[in-house]
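Asks: I'd like to ask some things about the structure below.
Numbering (UniProt numbering), first residue to last: 1 to 697.
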């Protein structure tokens, strides 16, 4: 049976930074400088808007400044907004929170930026990373109780839900309120919250999105561990049954627990705490950090830190270790990776889950795409589907065309946006045109979109950037949720685009009885996909050795057919982009029509030969290459000794359904292009002459 995907996979988008000083005099200007510097350290994660919240000097109030754009824009706004002398006066205890946002719900704008507030009085303000998948249910629940929402974000429901519970349970502590809230949330999140009703306190929690606490004291720490206080298992379990679903019943409330396990400095109580999405934001202040785990609730009150969990699992530790960081800032931003591209390749087990989260329902074996749900009947009546893109996005269309034709039983055209425009292609009112773009700003794709829209076609956008031009100008669309890509050469966005189109094909075929077995086979393979990707990533050392054999060559041919032809095109593009080596993706069926003339014992060749419907034809092409003294490197399935016998060099990938093979076969090509580029001394993250977002023709 198919099990639900666990929603605890880490996602890396947006950035949280919060700072609390206790009995440590700091002016508000100093606090703001700390917050801004923390955001600058998180800029590498990718973002489209920023914001901060601090205490007002005039009264017991919270002031926020939010801006769309870079941290520098926020910095200029802060300099203008906080210009009074009162902001230079030292404050002994204070909490400030800050955020860089990558839009997932609602376009990038000041209203949708974080912090998000509970009400006009800023009673509670929250910064949040991740996606609350049941936010519509929570929002409906709150709207029925008189709450009015001002943003389009999922984050605002968190602030308002805390406020609702505070009014209902005025005796609860800040930490208890947050514990109640996270039990009502589904999906992935990291949050940090401050409140004017709980001055000098900060509460943070995480589930599926990273969050750490940095500790800075004048003296040595009194302990290397912080004990964890657990709630009662039975009560925590009961609460899961009472999440809001827009109904009028009240939320179930957990029994209250008081902490007896708190951290404080050994001697004086002067202490500073830093809450951050990763260590790059705190390393210049302290090297002592605690990495929170899923469903931890970390609360600071009167200078003491406590960590609570509502449910204890069998293998849970009794304490959280205070870790000593031994890395430089740049290393932490990239983790253990030398380049962002390599980091993004290895994030693909997580990014594919993020793309499917809340959409592929493995328990009911169904798929829901909320962004196009209302348009599915119209799409089913269309004349043809047109998939239009550039570069890697175009290849994701090539990769899924065959499956779309099979499951929709419609003609599927795949077009390069530039060529599509050059031909003045005829478009009809009953066409459905998909525009695929990571940035959503690709100039050729955007012009092609407007061309099709003028002619009455239905426009579907598939992007990684909420609020982008393609996103705004489409009638409907799918956000791929891959998270920001820093490296210019696309990796995880490609696999997320691939999966988004597969999910669309599954939605289109849900009522076709003759295709149900095929659909179940694909859904099962999607469930297994993250683990299969992890297996493929273990080939990294083998790929690195292959790169040493190839990096001095001047050309590389990559051959395949069927579902893997797109991998040949995408692999060749990656080699060209990163290594500046000539590379060509060749349809194996075209070998005898010209490319075979290139084959000799000096020409490097890679061939993808998997046990799929075109296996016999691929073996035929492989034999043609070897008979011309070619020595191909073969990508084949695990345990396929017959295919491996044709070459002394091979890479084995796990077996999966044919239409998802392209995701597993492209990853060795991503790794190979990376390692060749490193050996050639190329700039992996910023290849020459290329830009991440191509906004000119």
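The beta carbon of each residue, even a glycine, is placed where N, CA and C say it ideally should be. All values derive from a computational prediction rather than experimental measurement.
DSSP beta-bridge partners for residue 433?
Replies: 386 and 459
Asks: Please give the ranges of any beta strand (DSSP E) in the segment 65 to 104, keeping only runs that are unbroken, at least 3 residues long and fully inside the region.
Replies: Positions of the beta strand (DSSP E) runs, each at least 3 residues long and wholly inside the segment 65 to 104, are given as 94 to 101 in order along the chain.
Asks: Taking the alpha carbon of residue 507 as the reference point, which residue from 668, 228, 356 and 223 has its own alpha carbon closest?
Replies: Of the listed residues, the one whose Cα sits closest to residue 507 is 356.
Asks: Please go through the same chain and pick out, in chain order, the residues whose beta-carbon is closer than 6 Å to the beta-carbon of residue 688, but skip the five residues on each side of it.
Replies: Within the same chain, residue 688 has no close Cβ partners at all.
Asks: On the three-pair Cβ rule with 8 Å, is the segment 452 to 471 touching the segment 335 to 344?
Replies: no
Asks: Please tell me whether residue 502 and residue 403 are closer than 8 Å, where the distance is taken between their beta carbons.
Replies: yes
Asks: Taking its Cβ as the centre, do 16 or more other Cβ atoms sit within 10 Å of residue 149, making it buried, or is it exposed?
Replies: exposed
Asks: For the segment 301 to 312 against the segment 448 to 464, are there 3 or more C-beta pairs whose distance is under 8 Å?
Replies: no
Asks: Do residue 625 and residue 523 have their C-beta atoms closer together than 8 Å?
Replies: Not closer than 8 Å, so no.
Asks: For residue 427, which option in 437, 418, 416 and 448 has the closest C-alpha, if you only look at C-alpha atoms?
Replies: 448
Asks: At the level of alpha carbons, what is the spacing between residue 548 and residue 438?
Replies: Computed Cα separation, rounded: 31 Å.
Asks: By the DSSP assignment, the alpha helix (DSSP H) with residue 152 in it spans what residues?
Replies: Segment: none, residue 152 is in no alpha helix (DSSP H) and carries neither H nor E.
Asks: What is the residue span of the alpha helix (DSSP H) that residue 471 lies within?
Replies: Counting along the chain, the unbroken alpha helix (DSSP H) around residue 471 starts and ends at 469 to 473.
Asks: Between the alpha carbons of residue 243 and residue 184, how many angstroms are there, rounded?
Replies: In this prediction, residue 243 scores a pLDDT of 42, lower than 50, which makes its location untrustworthy; the coordinate-derived value is nonetheless stated afterwards. Their Cα atoms are separated by approximately 5 Å.
Asks: Where does residue 269 land, buried or exposed, given buried means 16+ other C-beta within 10 angstroms?
Replies: exposed
Asks: Just verifying my parser: in three-state terms, what is the DSSP assignment at residue 482?
Replies: Secondary structure at residue 482: coil, using DSSP grouped into helix, strand and coil.
Asks: For residue 657, which of helix, strand or coil comes out of DSSP?
Replies: Correct three-state label for residue 657: coil.
Asks: Got a sec: does the ligand GTP put a non-hydrogen atom nearer than 7 Å to the Cβ of residue 166?
Replies: By its list of ligands, the structure shown contains no ligand whatsoever, and the ligand GTP lies outside what it can speak to.
Asks: Leaving out five residues before and five after residue 35 in sequence, what residues of the same chain have Cβ atoms less than 7 Å from its Cβ?
Replies: 17, 19, 52, 96 and 98
Asks: Mind listing, in chain order, the continuous alpha helix (DSSP H) runs of no fewer than 4 residues lying wholly within the segment 499 to 550?
Replies: As far as the segment 499 to 550 is concerned, its whole alpha helix (DSSP H) runs of at least 4 residues are 516 to 537 and 540 to 550.
Asks: Between 658, 536 and 557, which lies nearest to residue 519 when the distance is taken from Cα to Cα?
Replies: 658
Asks: How would you write the range of the alpha helix (DSSP H) that residue 620 sits in, first residue to last?
Replies: Annotation: the continuous alpha helix (DSSP H) that includes residue 620 extends over 615 to 627.
Asks: Could you check whether the segment 164 to 172 touches the segment 109 to 117, counting it as contact only if at least three pairs of C-beta atoms, one from each stretch, sit closer than 8 Å?
Replies: No, they do not touch.
Asks: Quick one: measure Cβ to Cβ for residue 478 and residue 651, integer angstroms, because I've assumed they're closer than 8 Å.
Replies: About 31 Å separates the two Cβ atoms, so there is no contact after all.
Asks: CA-CA distance, residue 125 and residue 194?
Replies: Straight through space, the alpha carbons of residue 194 and residue 125 are spaced by roughly 6 Å.
Asks: Is the CB-CB distance between residue 408 and residue 509 below 8 Å?
Replies: yes
Asks: Note down the Cα distance separating residue 662 from residue 564, rounded to an integer number of angstroms.
Replies: 5 Å
Asks: Please state if the CB of residue 604 and the CB of residue 555 are separated by a distance shorter than 8 Å.
Replies: Cβ distance < 8 Å, so residue 555 and residue 604 count as in contact.
Asks: Return the first residue and the last residue of the alpha helix (DSSP H) that residue 568 is part of.
Replies: 565 to 579
Asks: Pull up the distance between the alpha-carbon of residue 499 and that of residue 224, whole angstroms please.
Replies: If I take the Cα positions, the gap works out to 44 Å.
Asks: Hey, out of 31, 23 and 103, whose CA is closest to residue 50's CA?
Replies: Cα-wise, what sits closest to residue 50 is 103.
Asks: Leaving aside the five residues before and after residue 352 along the sequence, list all residues of the same chain whose C-beta is less than 7 Å from its C-beta, in chain order.
Replies: 495, 496, 499, 529, 530 and 533
Asks: Look up residue 354 in the DSSP assignment and give the residues it is bridged to.
Replies: Answer is none; residue 354 lacks a bridge partner.
Asks: What residue does the alpha helix (DSSP H) around residue 643 start on, and which one ends it?
Replies: 641 to 644
Asks: If you run the structure through DSSP and keep just helix, strand and coil, what is residue 595?
Replies: helix
Asks: Identify whether residue 368 lies in helix, strand or coil by the three-state DSSP scheme.
Replies: coil
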